[in-house]
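Going down the list, the sequences are from chains F and S.
Numbered by our numbering, the letters in the first sequence go through residues 17 to 1035 in order.
Numbered by our numbering, the letters in the second sequence go through residues 556 to 632 in order.
Every residue gets a Cβ at the ideal spot worked out from N, C-alpha and C, and that includes glycine.
What you are looking at is a predicted structure, and each value in this text was computed from that prediction instead of being measured.
These notes concern the structure reproduced below.
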Amino acid sequence: MIILGISAFFHDSSACLIKDGIIVAAAEEERFTRKKHDLGFPFNAIDYCLKECNATINDIDYIAYYEKPLIKFERILRQFLESFPRGYAAFYKTMPSWVNEKLRVRHIIKRKLKFKGNVFFIEHHLAHAASSYLMSPFDEAAILITDGVGEMATTSLGYARGNEIVLNKEINFPHSLGLLYSTVTVYLGYKANDHEYRCLHPNTPVYLSNGSLIKIESCFNYKGIIKKMSNDEEIVRLNKPIQILSLDKDCLKLRKTKVNEVYRKKANTRLYKVELTSGRSVIVTPNHKFSTTNLNGDYINIEAKDLKKGNFLMIPKVLKHCSNNGKYRYWAYLLAYSIAESNESIRIDKYEAEIRLGCTDQEIIDDFKNITKKLNKNYRVWNCKYRDNMLYIGISVWKDLDFLNNTLKYGFGKKASKKDIPEFVMTSDDETKKGFLRRLFDCDGGFIGHQLIYSSASIKLINSISYLLLEFNIHSKIRVRFNNKYKRDYYRLEISSESLLTFYKEIGLSVKRKLRLLKNYIKNINPLKSNLNIVPINNLLLNEWLKKGFTKESLYSKIKYHFWDYETYKRYTTQQLVKRSYNEIKSTKLKKFIDSEILFDKVKSIKLVKFKGYVYDLLVPNYHTFVGGLGGIILHNTMGLAAYGKPIYYDKLKKLIEIRDDGSYKLNMDYFVYHYKMSMPSKKIIDEFGPIRKKNEEISQRHKDIAASVQKLTEDVLFSMINNLHKTTGMKNLCMAGGVALNSVANGKILRNSGFENIYIQPAAGDGGTSLGAAAYAYFTILNNERKYTMESASLGPSYSNTDIKEYLDKNGIKYSYIADDKELVKKAAKMIYENNVIGWFQGRMEFGPRALGNRSILSNPCNPKMQDILNLKVKHRENYRPYAPVVCADDANDYFECDKKMQSPSDFMLMVYSIKKSKRRLIPAVVHADGSGRLQTIRREQNQMYYDLIKEFGKLSKVPILINTSFNIRGEPIVCKPEDAYKCMMGTEIDYLIMGNFLIARNNNSKDMWNSEEFIND
Amino acid sequence: MNLNEFARGFRDFGHFIANIVNFVLLLLVFAIAIGPVSLINKAAKKHFLDFKNKSCDSYYDDIAFENKKMEDYYNQF
């Protein structure tokens, strides 16, 4: 007797053929059409199943369909009736497929498949239950099915004995644990992302919230515990956190944030030197992100490698600092003169300091004398003379000698190119800083055109001055000039435009001739001329303006002195324009930019810089940004090495669901919209948890914490249900299926958290497995045939013989070598993996279900700590923090993993996550998740001999009989099916070798077929 | 003009018309069929989905056991 099971039209269409109680073939449609989660009628999968059985459609006795379409349609109608008038968009999208396909299943089967027999329609959750229980080795078991939704039920509980399956309790739509989990997953927007580390050049200055500037390299050397992440990556957890200013993206304001961890990585690569029009610059790794906005006012990030000339990047408008330390004010003033004046020197001899300073301005001389009078109060000034344009001061210093020894060296007697502002000035109070700056400019400031300038051979000094000025909202430009006389670069700081006015108000000058010039120049300031005035939110401003009923011409006319058109408007969307517009339209979206603490500066140039050494970054919680670089730019931190999330949002998530002691639950539907909308997260969820994570947005600690919280919530509900099931049935076996049963983390904890002794989970636990379940239910339960089959292997798909493979390779001119002996092939493969090559392994029958289990797998060395990065970067292009799964021989599993006492069959299908033994974690770093766990696959020799031998052979070389096993596919595509899929995948990624049957193909030998799959991905 | 291009263009035009017709027809169905039924039932305080607004000890619904015959599985309901 032959039964064909079909699932179609929802997602993961598939077909399964059972002959005389044994599964002959099963496959998902997506593997043939290469369309991920293909939901079309599975003609290709059915075709394959028939071929595998050497049968035609006329040989099929019954077809079993995986759901009752009319019951499901009734539920769909109920949704629209309940939510009317909402839901038309969903109604419009879904009705055509119901009318054309889903309600015409019998017609399609009869007409298109030309099947003349009877069709069974099995309820969805019964099909799930059958796919698990009837394929298990159990004679009786409790049953739990949890998925998004079937016809009406979202959770079903029951039991089974012999061939009978009884589901006696259910929870119905709209209350669905699966849809709650999906909603949060969509909210978090987990998608593959190809980011690598984002770091900075070691000399990059970082601004601390107390006002000081430190090199990022120095942050790493603060006292703390260093943790080696891999051979070339380290994190230091600081004993005392450093406090920085971080950008709050929601309100665009700078917040004080504590940083506890600093990261560094060895790099031998090209870095990007990004320079802005104001002279600000920073040297970063290619993937380092910069903060900016799009034309609609949304906060976005751009990576350095994607930057173009003319892009706007965020810079701080003003730096808030916290210090009221004015203790060494007068020393600071003295130092200002010494830094500014080149003709100076100091001699410190035990308790006496003699300072010599060249000077001609009377105001400075008077001020200097005044300072000494003030100093005399705490120290004894025994000499103060002015002779031959030189000031001579002698001071006895019997206290603060260390301080003076350390700080005075910043100015006095220092080479011009080494001068800098000491920390005590950078962290002093406003009065000290203002006085310091005024004296600096009094002494050595000048005017060129309408600009106040300060020149120095020391880039450090110029940088420190620019940061000091930024604390008073004074923006300066930094220019590099070449000094022909001294044959070296010198740096010029320029203050002009509105900043000049602010300088006059906040700092001022004492030297009369300079003050006169300053007053003269501030009379004619043109704010439009400053690049920093531009706010690149053209579309946002225009849209808000138009919403209020105004015309665009009336907006353009606000730009004075220019033609009124869109192009001009784009160039002159200035702070002033935004403010003036806001006064008329009072838009909250614009207010964010008016009240913000950031400005925008254009990218002037991007250059590549060769670099070898350590690159660094801070791990900034919450906001992930800090201020640094030359002149001050908003920089991004690195991710991926922060710990996995903590379930701190658990209590908030409990608002979404009410759970009873027996594990039953109901959802608070105020938070969900899936019952009338195609999209998932509701506005209320956004209000509760923050904005939805956008595509390619950084995965922040908040996202991870939410993920951890929803995982904990799901586990709690599942364990409650399971414990209730155990209590009511009294059975020792549990069978699970449904999409939620693919949650391997929860699965690994079930036996420890319940009274069940054994568990069986269908490897194709999602909707793809319902075709198998429908066929099994028809054969065993409806037709009451004897059960004699246990599904111990998921290898139910098509296989390709050596002849088929050779035909393909020869036809396409692919270079290969043939290794006839299986043992030799295994040895060679093990050696290649041991040598850190990435191998595509294509053997035997394709797996049924979402996991690759050794027939369509990518295999690599788990002992290599860099392997996770290599696979992420070269092959899978996904988030750095996602670990890879290990495969281990069943007899070795307990040596490395904290498995259940009795090894459960779901671990054969990679459905269980267990903790890796602490002593073994350092041996297999590439598969250890941040919490020390691993989603393992166990394999026995009788299941897959060659695969088993390969792992053992690798174990002989490395002493660790474990491999990394990840699915063989290009990102965005299903797992490979045919030889051409496998070859295409290898050539489009950076897999080193492909072993198909007994054929070995090296990627490098076939350069004509190389292509970059990442460029064409559309997922 | 190439026949293939013409056929493709005509097909695209057909899809475009189909989308408009679908939109209008479905809107009519939504407004004339779904709408009144929904409004009448809402007025009668009847719900089509069970939001479980009343708190209780268990949110499970019991499934009545049925002895199904083979013929019952031929039904799509």
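Interface flag, residue i vs chain F, CB-CB below 8 Å
i, result
"L581/S", "yes"
"I589/S", "yes"
"F585/S", "yes"
"F571/S", "no"
"F606/S", "yes"
Chain-ordered chain F contacts of residue i [CB-CB under 8 Å]
i, result
"H602/S", "E98"
"V592/S", "L97"
Residues that residue i contacts on chain F, provided the C-beta gap is smaller than 7 Å
i, result
"D567/S", "Correct list: empty, because the minimum Cβ distance to chain F is about 17 Å."
DSSP-derived helix/strand/coil call for residue i
i, result
"F568/S", "helix"
"T162/F", "strand"
"V854/F", "coil"
"T806/F", "coil"
"W347/F", "helix"
"H211/F", "With a pLDDT of 33 at H211/F, under the threshold of 50, the modelled position of this residue cannot be trusted; read the value that follows with caution. Coil at H211/F, not helix or strand."
"D418/F", "helix"
"H691/F", "coil"
"W398/F", "strand"
"K185/F", "strand"
"L812/F", "coil"
"A790/F", "helix"
"P697/F", "strand"
"A43/F", "strand"
"G656/F", "Only weak support exists for where G656/F lies, its pLDDT of 39 falling under 50; the coordinates are left without a value."
"M168/F", "coil"
"Y537/F", "helix"
Test: residue i CB closer than 8 Å to a CB of chain S
i, result
"H211/F", "For H211/F, the predicted structure reports a pLDDT of 33, less than 50, and the residue's modelled location is therefore unreliable. The matter cannot be settled from this model."
"L1016/F", "no"
"K765/F", "no"
"V135/F", "yes"
"L812/F", "no"
"Y104/F", "yes"
"R94/F", "yes"
"I161/F", "no"
Within chain F, partners of residue i - CB distance below 9 Å
i, result
"F578/S", "Y108"
Residue from the options with nearest C-alpha to residue i
i, options, result
"L812/F", "S23/F, F26/F, F25/F and S30/F", "S30/F"
"I948/F", "K934/F, R956/F, Q959/F and I955/F", "Contrary to the premise, residue 948/F reads as Gly rather than Ile in this sequence. Per the Cα distances, K934/F."
"S597/F", "E569/F, S621/F and L624/F", "E569/F"
"G164/F", "K699/F, H191/F and N1020/F", "H191/F"
"S148/F", "G754/F, L119/F, I469/F and I991/F", "G754/F"
"F463/F", "K608/F, K535/F and D703/F", "K535/F"
"S680/F", "D612/S, Y629/S, N630/S and E621/S", "D612/S"
Within chain S, the residues that residue i reaches when beta carbons sit closer than 8 Å
i, result
"L204/F", "Residues of chain S passing the Cβ test: none, with the nearest at roughly 26 Å."
Proximal residues of chain S, C-beta to C-beta of residue i below 7 Å
i, result
"R676/F", "D612, S613 and Y614"
"S680/F", "S613, Y614 and Y615"
"P112/F", "N577"
Chain-ordered chain S contacts of residue i [CB-CB under 9 Å]
i, result
"I798/F", "K623, M625 and Y628"
Neighbour flag for residue i against chain C, beta carbons, 8 Å
i, result
"L173/F", "In summary, chain C is missing from the structure at hand, where the protein chains are F and S."
Q. Of all the residues that make up the region 614 to 631 of chain S, which are near chain F by a beta-carbon distance shorter than 8 Å?
A. Result list: Y614, Y615, D616, D617, I618, F620, M625, Y628, Y629, N630 and Q631.
(Q) Short of 7 Å Cβ to Cβ, which residues in the region 683 to 709 of chain F face chain S? (A) Of all residues in the region 683 to 709 of chain F, only M685 and H691 place a beta-carbon less than 7 Å from a beta-carbon of chain S.
Q.
Taking beta-carbon pairs under 8 Å, can you tell me which members of the region 181 to 198 of chain F lie near chain S?
A. Those would be V182, L183, N184, K185, E186, I187, N188, F189, P190 and H191, in chain order.
Q) Between the region 137 to 156 of chain F and chain S, which residues of the former have CB atoms less than 7 Å from a CB of the latter, in chain order? A) Result list: F137 and I138.
Q.
For the region 71 to 89 of chain F, list every residue whose C-beta sits within 7 Å of some C-beta in chain S, in sequence order.
A. Listed in sequence order: K84, P85, L86 and I87.
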